[in-house]
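First up is the structure itself, then whatever we jot down about it.
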Amino acid sequence: MPDHNGKLYIETVGCQMNMLDSELVVAELRQQGFSLTNDVKEADTILFNTCSVRDHAEHKIYSQLGRLKFSKRARPNQVIGVMGCMAQKDQELIFNRAPHVDLVVGTGQLKEIPRLIDEARHQRGRRMAVSLDRKEGSRAEVADSFESYDPARDPSMRPSPYQAFVRIMIGCDKFCTYCVVPMTRGPEQSRPPREIAHEVKLLAGQGVKEVTLLGQTVNSYKVTQDGKLFRLSDLLELIHDTPGIDRIKFVTNYPRDMTDDLLHAVRDIPKIAQYLHVPAQSGCDEMLKRMKRGYTVGEYREMHARIRETLPGCAISSDFIVGMCGESETSYQKSLDLIRECRFKNSFIFKYSPRPGTKAIDLWADDVPDDVKRHRNNEMLSLQNRISEEDNAELIGSTFQVLVEGISKSARKAQAAEGNDDSFLPSDAISDLTPEPPGPVQLVGRSRCDRIVVFNGNPRLAGSLVDVTISDCSATTLMGSIVTLEQQHCETSLPIVL
Ligand code: SAH
Ligand code: SF4
Ligand code: F3S
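Basically the numbering used here = 1-based index in the sequence shown + 133.
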């Protein structure tokens with residue numbers, strides 16, 4: 134590939150949506166003659182794909198930008214760009230805080246990046262491409278200013294050749310009072326089913342086995358095509374028999390939109406993962422109201438029970454915010470109660486971070502001290518970990534169908550220490566040029582219910598489905614061994630779980 138455009142360094146923080154954006158931007162830039170480097174010092178172009186969901190994520194980027202001031206002095210032709218959510222949210226402020234930044238490109242303008250880098254290289258001066266603020270126009274005008282960025286996919290840019298994210302929606306209209314995403318990602322807009330189905334087919338042709346459909350509230354997906362209303366369940370029906378695709382996942386679900394048609398699709402379509410990430414955020418009605426989540430704890434419980442009833446083996450995970458303004462000890466205890474009751478597979482727990490531009494920061498003081506937030510965060514995490522470990526222990530002896538992702542992190546580290554470094558990366562494991570590995574190594578994959586499973590096997594199994602019987606566990610991982618063909622024949626009574 135030509136590299137006449139010099140070396141590109143990119144750093145990505147934030148959610149899966151940002152990971153996908155970076156993958157697509159890098160693929161596009163490589164096609165235009167940029168080559169990737171891991172060393173910021175040798176980069177001609179430096180991009181930060183940023184997140185604004187918590188103050189900490191922004192703070193880190195600003196301090197990194199600060200450090201680049203000197204590198205820019207030494208290399209005046211270097212182009213420094215800030216893209217993503219912080220770019221859309223802070224706009225001019227980025228230039229004020231870091232005057233050596235050349236580009237600010239919001240989430241809805243990513244297609245402008247190649248042109249803007251090119252211009253910045255030839256002519257000094259600041260360049261900004263951002264979408265309209267939510268109050269700067271009618272809903273349709275603002276929506277038009279946020280464009281979904283979905284160019285052709287480049288297989289070499291994926292972290293794993295067998296897994297791919299597919300965007301099905303952009304934006305969010307839920308306006309939870311603490312959350313900046315409706316501002317940074319704009320109005321909720323669903324991509325046409327036809328486009329999504331086409332992309333999934335293309336990915337399958339490139340060897341992808343598992344697609345994860347992405348949306349901030351993915352189960353709110355709604356499009357009218359050829360006079361027919363398409364919801365997420367219809368979309369799943371449309372794409373599930375794409376040849377080559379073995380698994381379909383979707384994140385993140387909004388509790389209020391967890392309708393029965395979707396649960397039935399998950400139950401009836403074998404390729405769909407038995408896994409639902411449905412953030413509760415709190416177990417206290419007053420807090421949920423303050424968050425403007427649009428449901429009560431009772432309604433969340435009812436939804437949870439419906440999932441358990443329709444999908445008995447389905448893993449459910451959640452997000453919680455601790456220490457939001459006004460969260461009393463009693464409110465917090467109610468969140469712990471909900472975790473005890475729902476026994477989530479895992480929960481992501483966050484300390485409340487007041488965000489400029491949100492309702493919460495305007496309405497309420499950030500009145501829970503940081504040490505209390507930290508204590509609640511740690512305590513909640515240890516409760517969740519205890520539950521995860523107990524529930525994983527119940528799975529010892531079961532057999533899971535596992536989609537092999539490649540060599541486990543710890544085996545890779547051990548190989549790197551022995552000087553083998555990257556020779557067994559999953560992407561190499563299918564290459565004809567890969568030297569035959571010395572024997573089985575520790576592999577990692579995921580079960581249909583999204584549990585991480587490690588086991589010994591040949592790296593060439595990467596990308597295939599194998600049955601693994603579980604013999605041990607931790608809070609986050611199941612350990613086991615591959616069921617051999619002979620075992621499968623003589624142990625037909627072996628329960629095959631999920
Ligand atoms: N769209 C997803 C989540 C987007 S942000 C959803 O609605 O579930 C990911 C998580 O970050 C949220 O679920 C929430 O738990 C957390 N979060 C969002 N804003 C936050 C804030 N201001 N402070 C702390 N955590 C926050
Ligand atoms: Fe943020 Fe709420 Fe939208 Fe999720 S649903 S992105 S938490 S506003
Ligand atoms: Fe962060 Fe933007 Fe995602 S704020 S969580 S990168 S949508």
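Where is the CB? At the ideal position from N, CA and C, for every residue including glycine.
Bear in mind the structure is a predicted one, so any value in this text is a computation, not a measurement.
- CA-to-CA, the gap between Arg507 and Arg581 works out to about 33 Å.
- Contact between the stretch 464 to 471 and the stretch 173 to 188 is absent: fewer than three C-beta pairs spanning the two stretches fall below 8 Å.
- The set of residues whose C-beta lies within less than 6 Å of a heavy atom of the ligand SF4 reads, in chain order, Cys305, Lys307, Phe308, Cys309, Cys312, Val314, Pro315, Gln349, Thr350 and Tyr387.
- Runs of the beta strand (DSSP E) spanning 3 or more residues and lying entirely within the stretch 470 to 544 occur at 480 to 484 and 532 to 540, in chain order.
- Relative to Pro592, the option among Val215, Ile246, Val537 and Ile454 whose CA is nearest is Val537.
- Note on geometry: alpha-carbon atoms of Ile482 and Phe453 lie some 5 Å from one another.
- Not one heavy atom of the ligand F3S lies closer than 8 Å to the C-beta of Gly214.
- In this structure, the ligand F3S has no non-hydrogen atom nearer than 8 Å to the beta-carbon of Ala220.
- By the criterion of a C-beta distance shorter than 6 Å, Gly578 is surrounded in its chain by Val535, Leu536, Val537, Glu538 and Val586, once the five residues flanking it on both sides are discounted.
- The beta carbon of Tyr485 is closer than 6 Å to those of Ile454, Gly456 and Met457 in its chain, skipping five residues each way along the sequence.
- The beta-carbon separation of Thr443 and Leu396, rounded to 4 Å, stays under the 8 Å limit for a contact.
- Looking from the CA of Met261, the closest CA among Ile250, Ile143 and Phe533 belongs to Ile250.
- Under DSSP, Asp605 shares a beta bridge with Met612.
- When secondary structure is reduced to three states using DSSP, Ile246 falls in the helix class.
- Distance between Ala231 and Ile246, taken at the CA atoms: about 19 Å.
- With a cutoff of 8 Å, Cys184 counts as near the ligand F3S, since its C-beta is closer than that to a heavy atom of the ligand.
- When Cβ pairs closer than 8 Å are counted between the two stretches, the stretch 287 to 304 is seen to touch the stretch 313 to 322, the count reaching three or more.
- With contact defined as three or more Cβ pairs closer than 8 Å, the stretch 361 to 379 and the stretch 415 to 428 are not in contact.
- Within its own chain, the residues whose Cβ lies closer than 7 Å to the Cβ of Ser353, once the five positions on either side in sequence are excluded, are Glu321, Tyr387 and Asp390, listed in chain order.
- In the three-state scheme derived from DSSP, where H, G and I count as helix and E and B as strand, Val275 is classed as helix.
- By the Cβ neighbour-count rule, Glu161 is buried, with 16 or more other Cβ atoms within 10 Å of its own.
- If the five residues before and after Gln296 are omitted, its C-beta is found closer than 6 Å to the C-beta atoms of Glu343, all from its own chain and listed in chain order.
- Each of Thr350, Pro489, Ile472 and Lys542 was checked against the Cα of Leu514, and the nearest Cα belongs to Ile472.
- Straight-line spacing of the CA atoms in Cys184 and Met290 works out to 21 Å.
- Scanning the stretch 291 to 345 for uninterrupted alpha helix (DSSP H) segments of 4 residues or longer gives 314 to 317 and 326 to 338, listed from N- to C-terminal end.
- For Arg206 and Asp503, the gap between their C-alpha atoms comes out near 38 Å.
- Secondary structure of Glu161 (DSSP, three-state): helix.
- Taking Cys606 as the centre and dropping the five residues before and after it, the same chain places the C-beta of Glu522, Asn525, Ala526, Leu528, Ile529 and Met612 closer than 8 Å to its C-beta, in chain order.
- Judged by DSSP secondary structure, Ala262 falls within the beta strand (DSSP E) whose first and last residues are Arg260 to Ala262.
- Going by C-alpha positions, Leu198 is about 8 Å away from Val234.
- One Cα belongs to Leu496, the other to Asp367, and the distance between them is close to 40 Å.
- Within the chosen limit of 8 Å, the ligand F3S reaches the beta carbon of Arg318 through at least one heavy atom.
- Sequence-distant partners of Ala253 (beyond 5 residues in either direction) whose C-beta falls short of 7 Å from its own C-beta, in its chain, are Val212, Asp235, Leu236 and Arg260.
- Nearest to Ala330 by alpha-carbon distance, out of Arg423, Val299 and Ile372, is Ile372.
- By the neighbour-count criterion, in which a residue is buried when 16 or more other Cβ atoms sit within 10 angstroms of its Cβ, Gly572 is exposed.
- The three-state secondary structure of Arg267, taken from DSSP, is coil.
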